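Here's the structure, in structure tokens; my notes come after.
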Amino acid sequence: MSSDNTSNGHADAEPRSNVFEQALQTWVEIDLPSLQKKLDEQGVEIKEYQKESLLSRKNLASKTKEFRKLDDSKKLEQIKSLLKLYQNEIDSLTNKNKNVENYFFGIYRLMAEAPDPRPLMELSLDSVVESKEAMALKESLTKAEEELAKRADYEQLKQRLLLNEQKAAELLSIKVKAKENECKSLFEEKEANWIDKEKQFEEQLRTAQKQIEELRTSNEVTERRLDNQSKGHDNTNYETASASVLAELDMVRRDAELSKRRIYELEKRNETLRHEIAQTKNDNEIQVVRSECDQKVSEVESENMLLVANLNQIRNQKEQISSQLNSKIDSLSRENSVIAQEVKNLKTKLEKTSDYEEIKHELHILRQIEFGHGEDNEDNEDGEVDKVGENDTIKHHAKLDSIVIERNRAMTQELARFRAEHNDLTNAVDELNIKLQRSEEEIQSLRQLNEKLENDLANVQESGSHGWGFNDSGSMISGFTSRMGGRSSGGRNGSIVSLQSSDRGTNNGPNDDASSILPIITKQRDRFREKNTELEEELRKQFNANNDMKRQINKLRQDNEELYERGRYLQSFQTPGTRNITTTSSGRKFLNPKPNANADLESNNDIQYQKEYERKLHPIEQFRIKEQERINSRLSPLERFFIFITRAVLATRSTRMVFFAYCLCLHIIVLWIMIYAMNLRAPAIPDSISGTGANVARAGTGAGIGAGIGAGTGGGGIVNTPKDTHF
């Protein structure tokens, strides 16, 4: 049971261990302590940047205020230094922005693939709780096993107790039986003795009765003799005395015989009892030896059970130690694999970054090729700006703008050329698709004709094998060929019809028809097959060409997207960039390339490229857009409607101008209405003032005098002024 539970636990823990291994590997690659140290350093640097920018802004603000207070003549002298300060501030802000972006993207690269630690911590907490429960269960299990090992001979003792109880019951029954037998034998012996005594007493009684009878008879005889004979009194006494003596001797003799017989029986019984006693002694000795042997065997079995329990306990301890060692080995192997993976990743990173210097050198060369100036030249130019002044910076920016404009012009020309090639390729692909469709239709029709021809040939052969007349088959073939010639417009089918009709006109017999028509039909079938293979080969070539065209179109689309992105990048160097800025539906503004006079870039393709470009933006930019949308979604419907109207109004120059004209017209209309109302109200004021109290009373309880109009709350009317009623 324990092995089954452990196997189930291992099976359940495998996916959890895989998740933990992946998370552990990811967080090992992140190296949170070093990342925290790096973040601390970067935070300190950003704090210093903030302080420096605050001080520089204060300095610029003070310089700007001082510059504004100067006269116009002095402003021309001080403007160069002020522009230089602004340029330095812009450069420092740009560098700081680059550093912050690098910091952010460095952290983002590390944390992008990191898993959420919350479920892992929950799982680890559950595993800790489960491990505590498992440890408690293990301790209780070990205690139970120890107690079980101590009481391993419980079953043996139980069996021994049952055996002892059975033996005690058997001994008790044996003793009871022995006692019963003893009592029974004693009772039987006493009964036998009593019977013997009774017999003896009966015998004695009989002998005594006989003696009494004899004595009675002898007495009668003697009395008769005494009566009859008076002589010889002494002789009769002697005879009676001798008769009594003889009777006594006879009784003694009988008693002696009975006692001899009884002694003989007792001796015989004593012999049998001695034999039984000897047998019982031997049986008791055997039972004693057997009981001693059974006791020794039970003791040995109990010791054996204890030893087996100790052996099982030692085996369990050995298995636990081996499982602990295996778990340690697994953990060490996992750590080893993680370390090996880290080493491998570091090696791959090192291999990937082995050409860093070469790429840096190539990038420097590309910058020189693209912009005509490298970083060293820019640094030198910055130094020259500090020394010489504003003229060199103006020349440098003018040169850079000219390079960017030339590059933009070349890229727009290249884009127009690619666009023309794309249109040509799409037209060619459409033509090839039309040709392919036509060829497929022709192949399908030819395949149907070929199948029909083969079926007719099979029918002709069957009719020839059944012995029918060849004239009928020839007429059937001629009819088939005539139908085939009627369907097709000239060509080979027409030649077959002509040949068959000529053969039919000069028909001399079935053998001539068979020898003349069938080879022609088979040749025609072979030609059809060759034509089909040729058409299939052409179809395959056209399909390959179509795939090549599709690949070229995809490549051109990718090139167009790259050119569109490069155009946006180059357009960002334009100083008056507000003219070429478009606003998306989410409120984000993007730069558009400068339009060319020879190509129309505001077509549907540009809109498609713009959408693809917006779709392939950086995830951070997309995140910003989503955050803006989320913030907008939290607003109330009225606020969102107001923002929508505001964006719609401020989207383009035309909408702004229309809104401005609308507001101006509305303002003019309101002013005109107010002036007109004031002109109408002016003559009504004296009339309302000169009115009598009766007119005021008729106006109602709540009449109010204002601008010549009185409104009664309880059904009051208007003051009797025709102009007021007209208004």
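Counting in our numbering, the sequence shown runs from 79 upward without gaps.
The beta-carbon is built from N, C-alpha and C at its ideal position, and this holds for glycine as well.
None of these values were measured; they are calculated from a predicted model.
- Counting C-beta pairs with one atom in each stretch, the stretch 508-516 and the stretch 631-644 have fewer than three that are closer than 8 Å, which means they do not touch.
- When the beta-carbon positions are compared, E223 and Q120 stay at least 8 Å from each other.
- According to the DSSP assignment, R187 belongs to the alpha helix (DSSP H) that extends over 150-189.
- Measuring C-alpha to C-alpha distances from E292 to each of K174, Q398, A325 identifies A325 as the nearest.
- For T172, there are no CB contacts under 7 Å within the same chain when 5 residues up- and downstream are skipped.
- For T142, the secondary structure class from DSSP, reduced to helix, strand or coil, is helix.
- Between S517 and L617, the C-beta spacing is below 8 Å.
- Per the coordinates, the alpha-carbon of K346 lies some 10 Å from the alpha-carbon of R340.
- In terms of Cα proximity to L110, the closest of P195, A139, L336 is P195.
- In this structure, DSSP gives L742 a helical state, which the three-state scheme calls helix.
- In this structure, the CA atom of A101 is about 10 Å from the CA atom of E107.
- Setting aside the 5 residues that flank it on each side, V367 has no residue in the same chain whose C-beta is closer than 8 Å to its C-beta.
- Within a 10 Å sphere around the beta-carbon of Q602 sit 16 or more other beta-carbons, which makes this residue buried.
- For a cut-off of 8 Å, the C-beta gap from Q103 to Q419 is around 6 Å, short enough to register as a contact.
- Put simply, the backbone Cα of M383 is about 33 Å away from that of S209.
- Cβ contact annotation for A506 (same chain, cutoff 8 Å, sequence separation greater than five): M627, in chain order.
- Counted as a single uninterrupted DSSP element, the alpha helix (DSSP H) harbouring L728 occupies residues 715-728.
- Contact annotation: L493 and N624 have beta-carbon atoms that are not nearer than 8 Å.
- In the three-state DSSP reduction, R339 falls in the helix class (H, G or I).
- In this structure, L524 and F606 form a Cβ contact; the two beta carbons are roughly 6 Å apart against a cut-off of 8 Å.
- Taking the CA atoms as reference points, E379 sits about 7 Å from Q234.
- In the DSSP annotation of this structure, the continuous segment of the alpha helix (DSSP H) that includes R303 starts and ends at 232-306.
- DSSP places D194 in the coil class of the three-state scheme, outside both helix and strand.
- Linking L744 to V736 through their CA atoms gives a straight-line distance of about 12 Å.
- Taking the CA atoms as reference points, Q278 sits about 35 Å from T358.
- When C-alpha distances from N610 are compared across L241, K221, E529, A498, the shortest belongs to E529.
- In the structure shown, the three-state DSSP call for R229 is coil.
- A Cβ-Cβ contact shorter than 8 Å links F145 with L160.
- Under the three-state reduction of DSSP output, A760 falls in the coil class, being neither helix nor strand.
- The C-alpha of I407 lies about 45 Å from the C-alpha of V178.
- If you draw a straight line from the Cα of Y186 to the Cα of T142, it is about 39 Å long.
- The C-alpha of R303 lies about 14 Å from the C-alpha of R294.
- Between the alpha carbons of E298 and D305 lies a gap of roughly 10 Å.
- Taking all protein chains in view, the Cβ of A387 is crowded by 16 or more other Cβ atoms within 10 Å, so the residue is classified as buried.
- Nearest neighbour of I599 by Cα position, chosen from K257, L527, L503, I290, turns out to be L527.
- The criterion of a C-beta distance shorter than 8 Å is not satisfied by S140 and E167.
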